[in-house]
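The structure appears right after this line, and notes come after that.
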Amino acid sequence: MTGNAWKAIVREPLLHFLLVGGLVFGAYSWVTPEAQVETDSEVILIDQAELDHLKTLWKAQWRRDPNTEDVAAIIDRYLRQEVFYREALRMNLDHNDQIVKKRLAQKMEAVANDLSTLMQPPTDERLRAYFHEREAFFTLPQAYAFKQLLFAPDTSEEQLKQTLASLRANAEVAASLNSSSLPFEWELDSETAIENAFGGGFSKALASLPVGEWAGPVRSGLGWHLVYLEQNQPEHLPSFESVRDFVARQYEYYAVLEAQEQVFDELIGKYEVRFSAEDVPDAILNEFPQS
Amino acid sequence: MRLSNIARYSAFVALASVITPVWSASEADAPQNPLKEAYFGETHVHTGVSMDAFIAGNRLTPDDAYRFAKGEEIMVNGSLHRIKRPLDFAAVTDHSEFLGESYSLMNEGVAGYDDDVAVAFREAPDLETALGLYNKYVLAPLAGGGDPHPEFFQGIEAIKSTWKQNYEATQKHYEPGKFTTIHAYEWTSAPGGSNQHRNILFRDTNLPDIPFSSSDGSDPEQLWAWMQTHRDDGKKVFAIPHNSNESKGLLFAEASLTGVPIGKEYAETRASMEPLIEMMQVKGNSEVVPNFWPNDEFADFENAVSIQRFSGRGYVKENFVRYGLGRGIKYNAEIGVNPFKYGFVGGTDNHNGTPSNVEEDNYKVGSHGYADQTAAVRATSMLEGEMLIADANPGALTGVWATSNTRGAIWDAMLAKETFATSGPRMKVRAFAGQGFAGSYDSYETLVIDGYANGVPMGSDYTGEEAPQILVWALKDPIGPNLDRIQIIKGWYENGEMKDKVYNAVASGDRLKADGSVEPIDAPINLSTGEFNTEKGDPELMGVWTDPDFDPAQQAYYYVRVLQLPTARWTLYDELREGVKYPDEVKREIVERAWGSPIWHEVN
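Each protein sequence line maps, in turn, to chains A and B. Count along the first sequence from 1, then add 7; that gives the number in my numbering. Count along the second sequence from 1, then add 18; that gives the number in my numbering.
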């Protein structure tokens, strides 16, 4: 845990405000059906749908069915909340309340985002378009598969040449010559991952090696290597079908981020933003030109 | 995190939870390495499920944390971030205290979600507000005793629900042979400001219904008693203490927390429950500090000395791991049992939900939410009640020598202490104590085979009559600088005194002299780019060191310390990248290192 003996007392006005405004705020709930508030204000109706909904919420948390006592408690809590909530609305306690404002704004933001997501479900067509819009992102990096032998940095050039010659003449012995802790065989992996495992610019140097024969020496962060390149797979865009799941995952991850900005941009377009205050920064004024 | 980002975070959380599980292979199919491989991972990280992290702005879940550990890019603390290299394993260790509150805080629509205090937590717009709430609802209740829970706490079922959600994420991301997840949590007790925190790691899916918290018991002996009941029930569990540097001398004490002098039963219990200790993390390196170990020329490393300005946590010698190892030997002489027979791990204690985010040149989003979010904040701020941010570090890493990348193999190797800690880089270190080792080997493989054939590995007991030969081997981090040297630190108890000595065992080049000293290596970093020297030092070091001062009648410990050439500290990267300026006394250059778990000479 961070910290242990903080002496500072809470000075944050927000918190004090909360304690006073808490009832109003607490009255708000995601689950309150709007209809009830708007109909007969002297009647609090708990119909079967409402009670089932409350029970489902309860069950989601406790992971069992509520018993009779639990249901009584659920209803009691609901009534208390509902009564204070309605009285608060009558007294307009929700108006210009920062917390209520913030909460409603958040709800609206969430609703707008849900809508935006609903309107843009990850259909194949949409994913395919997303894939092609971001080809650079989905391009598979340069990759190599190879075998290698590591030699100490002070190994002489002559010695490396001799070893290379004997490897070319008698490839079967290669594995037995591996004296280091590094694996002999390396499966197809990206240039970046290979560089992180070898260091010293090793993976860049692989580009110039022939495929299918022993070559080198190549320098790494660990020493000198003789390398048998088995596969040199250039950077390329895979087929959409082969990476569809990955595209879908990325779409979900990043599209939501972008959608949120779009929603805000669209909504603010409905408003004219005016400033009568004086000390508004230029950057803001430029963003919202004043007529 | 800005308020407008909150919805994004919840969207992330929601989306992350629908991604389908990838369980590529069974444990039995995982590749086996009979000679063992070093697996790197995290043993100490907090997500938004930890209430202090939540208040500080963290909305990431264990699911997000595991994805980050696997190398995926995640929105962290306001920006997209990833580590350069995926981890081999990770344990998410959320605080067990307030786990139930976390259920109401993080799951929209459940009871307590709309409570005004919960809302205030969720909407804390800045550090100051967060600190006020944290103090009022986390620290004060924990310190004051009684019921620590805020009103929106929904009871034990809520604790179970959170524990179950963490369980599900931990299950979902386990890919035997490729990425191991470990069921774990942190027990967070700090009586009188003395840090007694422990991370609790389980071997498999045989788990308690709810974890034991400091509200259930703040004395480690209560924790161990709880662990024992679960061991009796067939569960496999151990605890790892951390931040002995913040323990006010009480982690390696003369008496239990209740004031009873440490006796045989206490010592046996502790040794059984706690095979490992966290050597280093964000809030400092706990090995040694220069004022108590003036003869250790490399003691001045991430000592987090500003900790002493807060909470009455002045440094005493009894705070440090090397003292603890020595005191353990002394207890062994006094009562016949060593309660502090600790192997080493390294963790972060990161509260951003980002396991092993330890790269100095990639430390862009800090580790504690609002408190160290940007370079501008880091250059001037403190971690409230703890230390200066400039004094913190990105955290440490654990290396485990295991036969496969599976829960069983990694947990067993940790229990056996065949582990090492690094200050972040992925260097590897092995040591064996025995007799009859060769001065050099044809290959790494023959070295390791001989190590096991003629000696015992790190974390074990050497019981020979003759001076132990210690076969040491180390390999640099491929993308880091070369190695400077391997040292062996020996500690023993003699004529009523705890003693220790640092020996240079192997040095790169021909710098090791006959008298045991080493010609210093002059390889400074480039202060205008942060680049390290690529010419000097050696990528791999090995050698055999024989204790020149061996007494067969004397208990002793030996542990290995590997030093690499100097590299730039995160503070220099902040200055170069962000244009901030740290005070002159803040270090820009460090000697990163690895610590191998001790081998103990046990007298028969």
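A virtual CB, placed ideally from N, CA and C, is assigned to each residue, including glycine. In this text, all values refer to a predicted model and were calculated from it rather than measured experimentally.
Short of 6 angstroms in beta carbon distance, which residues of its chain neighbour L268 of chain B, apart from the five on each side in sequence? Order them along the chain. In the second sequence, residue 268 of chain B corresponds to position 250, counting from 1. Within the same chain, L268 of chain B has close Cβ partners S212.
Could you please give the first and the last residue of the uninterrupted alpha helix (DSSP H) stretch that includes D5 of chain A? Because chain A is modelled from 8 through 298, residue 5 of chain A falls outside the range shown and cannot be assessed.
Inter-residue CB distance, I504 of chain B and A485 of chain B (contact presumed, cutoff 8 angstroms): Counting from 1 along the second sequence, the entry for residue 504 of chain B is found at position 486. Counting from 1 along the second sequence, the entry for residue 485 of chain B is found at position 467. Not really, about 18 angstroms apart at Cβ, beyond 8 angstroms.
Between F197 of chain B and the rest of its own chain, which residues show a CB-CB distance below 6 angstroms, the 5 nearest in sequence each way excluded? The sequence position of residue 197 of chain B within the second sequence is 179, counting from 1. K88, listed in sequence order.
Residue range of the unbroken alpha helix (DSSP H) whose run includes S311 of chain B: Within the second sequence, residue 311 of chain B is the residue found at index 293, counting from 1. Checking the sequence shown, residue 311 of chain B turns out to be Trp, not Ser. Element bounds for W311 of chain B: n/a, residue is neither H nor E.
Identity of the residue in B:A257, B:K531, B:G413 nearest L241 of chain B by Cα: For the purposes of this step, residue 241 of chain B is taken as residue 223 along the second sequence, with counting starting at 1. For L241 of chain B, the nearest C-alpha among the options comes from B:A257.
Alpha-carbon spacing of V621 of chain B relative to P570 of chain B, whole angstroms: As a working mapping, residue 621 of chain B is identified with position 603 in the second sequence. As a working mapping, residue 570 of chain B is identified with position 552 in the second sequence. Between V621 of chain B and P570 of chain B, the C-alpha separation is close to 7 angstroms.
Taking 6 angstroms as the limit between beta carbons, can you name the residues of its chain near F191 of chain A, skipping five residues before and five after? Taking the first sequence and counting its residues from 1, the one referred to as residue 191 of chain A is at position 184. Cβ neighbours of F191 of chain A beyond the five flanking positions: K154, A182, N185.
Could you work out which residues of chain A lie near A129 of chain B, taking near to mean beta carbons separated by less than 7 angstroms? Along the second sequence, read from residue 1 onward, the residue named residue 129 of chain B stands at position 111. Here the neighbours are Q68.
Sub-8 angstroms separation of V225 of chain A and V234 of chain A beta-carbons: Along the first sequence, read from residue 1 onward, the residue named residue 225 of chain A stands at position 218. Along the first sequence, read from residue 1 onward, the residue named residue 234 of chain A stands at position 227. Yes.
Tell me where the alpha helix (DSSP H) around R345 of chain B begins and ends. Taking the first residue of the second sequence as 1, we reach residue 345 of chain B at position 327. That run of the alpha helix (DSSP H) goes 339-353.
What residues in the segment 520-542 of chain B bring their beta carbon closer than 7 angstroms to a beta carbon of chain A? none
Return the Cβ separation of E436 of chain B and P475 of chain B in integer angstroms, given the expectation that the two are a contact with Cβ distance under 8 angstroms. Position 418 of the second sequence, counting from 1, holds the residue named residue 436 of chain B. Position 457 of the second sequence, counting from 1, holds the residue named residue 475 of chain B. About 5 angstroms; that satisfies the 8 angstroms criterion.
Give the residues of chain A in contact with K102 of chain B, contact being defined as C-beta atoms less than 7 angstroms apart. Taking the second sequence and counting its residues from 1, one reaches residue 102 of chain B at position 84. Chain A residues near K102 of chain B: N203.
For H99 of chain B, write down the residues that DSSP places opposite it in a beta bridge. Taking the first residue of the second sequence as 1, we reach residue 99 of chain B at position 81. According to DSSP, which records beta bridges pairwise, H99 of chain B is partnered with B:I92.
E248 of chain A: buried (16+ other C-beta within 10 angstroms of its C-beta) or exposed? For the purposes of this step, residue 248 of chain A is taken as the residue at position 241 of the first sequence. When all chains shown are included, E248 of chain A counts as exposed.
So, does the segment 277-295 of chain B touch the segment 341-354 of chain B, judging by three or more C-beta pairs under 8 angstroms? yes
Alpha-carbon spacing of I325 of chain B relative to S535 of chain B, whole angstroms: Locating residue 325 of chain B in the second sequence gives position 307, where the first residue counts as 1. Locating residue 535 of chain B in the second sequence gives position 517, where the first residue counts as 1. Taking the straight line joining both Cα atoms gives about 33 angstroms.
Which residues in the same chain as V180 of chain A place their Cβ atom closer than 8 angstroms to its Cβ, once the five residues preceding and following it in sequence are excluded? Taking the first residue of the first sequence as 1, we reach residue 180 of chain A at position 173. The residues are S173, L174.
Is N217 of chain B helix, strand or coil when you go by DSSP? By one-based count along the second sequence, residue 217 of chain B stands at place 199. Here N217 of chain B sits in strand by DSSP.
Rounded to whole angstroms, what's the CA-CA distance from V609 of chain B to D540 of chain B? Just pull it up for me. The residue given as residue 609 of chain B occupies position 591 in the second sequence. The residue given as residue 540 of chain B occupies position 522 in the second sequence. Computed Cα separation, rounded: 12 angstroms.
Assuming I407 of chain B and D390 of chain B are in contact, meaning their beta carbons sit under 8 angstroms apart, how far apart are those beta carbons, in whole angstroms? Numbered from 1 along the second sequence, position 389 holds the residue referred to as residue 407 of chain B. Numbered from 1 along the second sequence, position 372 holds the residue referred to as residue 390 of chain B. 5 angstroms between Cβ atoms; contact.
Would you say S188 of chain A lies against chain B (beta-carbon separation less than 8 angstroms)? Indexing the first sequence from 1 puts residue 188 of chain A at position 181. At least one chain B Cβ lies under 8 angstroms of S188 of chain A.
When DSSP labels each residue in this structure, what does L229 of chain A get in the three-state scheme? One-based indexing of the first sequence puts residue 229 of chain A at position 222. It is coil, neither helix nor strand.
Please confirm whether H260 of chain B and G332 of chain B have their CB atoms less than 8 angstroms apart. In the second sequence, residue 260 of chain B corresponds to position 242, counting from 1. In the second sequence, residue 332 of chain B corresponds to position 314, counting from 1. Contact: no.
For L184 of chain A, three-class secondary structure by DSSP: Within the first sequence, numbered from 1, the residue matching residue 184 of chain A stands at position 177. Of the three classes helix, strand and coil, the one that applies to L184 of chain A here is helix, per DSSP.
Please return the same chain residues whose Cβ sits closer than 6 angstroms to the Cβ of W244 of chain B, not counting the five positions on each side in sequence. What you label residue 244 of chain B is simply residue 226 of the second sequence in a count that begins at 1. Once the five neighbours on either side are set aside, the close Cβ partners of W244 of chain B are F230.
Relative to the alpha-carbon of V118 of chain A, which residue among A:S187, A:I291, A:L213, A:L274 has its alpha-carbon at the smallest distance? Here residue 118 of chain A corresponds to residue number 111 of the first sequence, with the count starting at 1. Among A:S187, A:I291, A:L213, A:L274, the Cα nearest to that of V118 of chain A belongs to A:L274.
Report yes or no: is there a C-beta of chain A within less than 8 angstroms of the C-beta of E436 of chain B? In the second sequence, the residue the question calls residue 436 of chain B occupies position 418. So, not an interface residue.
Enumerate, from N- to C-terminal direction, the unbroken alpha helix (DSSP H) stretches of 4 or more residues contained entirely within the segment 53-96 of chain A. 55-69
Thinking C-alpha only, which one of B:Q183, B:G150, B:G96, B:Q189 is nearest S385 of chain B? Against the second sequence, residue 385 of chain B aligns to sequence position 367. Nearest option by C-alpha distance: B:G96.
I'd like to know if L134 of chain A contacts chain B, where contact means its C-beta is closer than 8 angstroms to some C-beta of that chain. Start at 1 with the first residue of the first sequence, and residue 134 of chain A comes out as number 127. It does not; no Cβ of chain B falls within 8 angstroms.
Taking DSSP as the reference, what is the three-state secondary structure of K623 of chain B? Residue numbering for chain B in the displayed model covers 19 to 622; residue 623 of chain B lies beyond these limits and cannot be assessed.
With H, G and I counted as helix, E and B as strand and the rest as coil, what does DSSP make of E515 of chain B? The count along the second sequence starts at 1 and reaches residue 515 of chain B at position 497. Here E515 of chain B sits in strand by DSSP.
Is any beta-carbon of chain B found at less than 8 angstroms from that of P160 of chain A? The residue labelled residue 160 of chain A in the question sits at position 153 within the first sequence. For P160 of chain A, the answer is yes, since a Cβ of chain B falls inside 8 angstroms of its Cβ.
Is the segment 523-533 of chain B touching the segment 494-503 of chain B in the sense that three or more CB pairs, one from each, lie closer than 8 angstroms? yes
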